[in-house]
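Have a look at the structure below, then the notes.
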Amino acid sequence: MKKEVKIMIGKVILNTIATAGVLAVAVIAPNTLQAIDFLYSKEKRHYHRGYYVKKAINKLNERGLIEFEKSGDKTFVRLSEKGERELLKYHLREAVIEKPKKWDKKWRVVIFDIKERRKIIREELRKELINLGFRRLQNSVWIYPYECEELIIMLKSYFSIGKDVLYMVVERLENDKWLKRDFGLEN
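Residue numbers for the sequence shown, in this note's numbering: 13 to 199.
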């Protein structure tokens, strides 16, 4: 099975569990089976359905992304803390900042002060900001023209850097012509 399909099945299972909180294992299957039906052609669906759901659940458990609990004769599953972080990582990879038809003429500024002992996290945050389309004003000061507060909250949560990062909305910025040109905002 292709790696992308395996990742997709795992992601569907994690999303299903996250949406429901604690979930009976028997309830996971129908939602995941629908996703597998979407991923495979009609001829292959029947063969792959149950096998890959069970395999994916076992793999998620081995990786410590989900936890099982027994209550009487039922088994329940929930996301572990590691599973919640993995799901957040999936959401960050897919994140896209919506660009409105008309710019509100406000800049979104992200500043951070992450200590040297957490240098790797600082560099990863910079990479994420670049991938999202932010421009660097200074090493720890980044700017973007569109609303993106929710995404910054997700980044702060993912990297556990809530106190080290500030998000600001700025109405006026000195010498911003180069930014307007760079973002294609010139009138």
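Don't be surprised by glycine CBs; every beta carbon is placed ideally from N, CA and C.
A quick note: this is a predicted structure, and the numbers were derived from the prediction, not measured.
Q. To which residues of the same chain is glycine 84 closer than 8 Å at the C-beta, ignoring the five residues directly before and after it?
A. Excluding residues within five positions, none has a Cβ falling inside 8 Å.
Q.
Once the 5 residues before and after glutamate 161 are set aside, which same chain residues still bring their CB inside 7 Å of it?
A. Tyr179
Q | Reduced DSSP category for isoleucine 78 - H, G, I as helix; E, B as strand; rest coil | A | strand
Q.
Does isoleucine 155 pass the burial test, meaning 16 or more other C-beta atoms within 10 Å, or should it be called exposed?
A. It counts as buried.
Q) Where does tryptophan 115 fall in DSSP's three states? A) coil
Q) So who's on the other strand from serine 83, going by DSSP bridges? A) According to DSSP, serine 83 bridges with Lys86.
Q) Would you call the CB atoms of lysine 118 and valine 181 closer than 7 Å? A) Note that the C-beta distance between lysine 118 and valine 181 is below 7 Å.
Q. Name the DSSP bridge partner or partners of phenylalanine 124?
A. Val177
Q. Exposed or buried, what is proline 157 when buried is set at 16 or more other beta-carbons lying within 10 Å of its beta-carbon?
A. buried
(Q) Please report the straight-line C-alpha distance between leucine 149 and glycine 196, rounded to a whole angstrom. (A) Roughly 17 Å separates the two Cα atoms.
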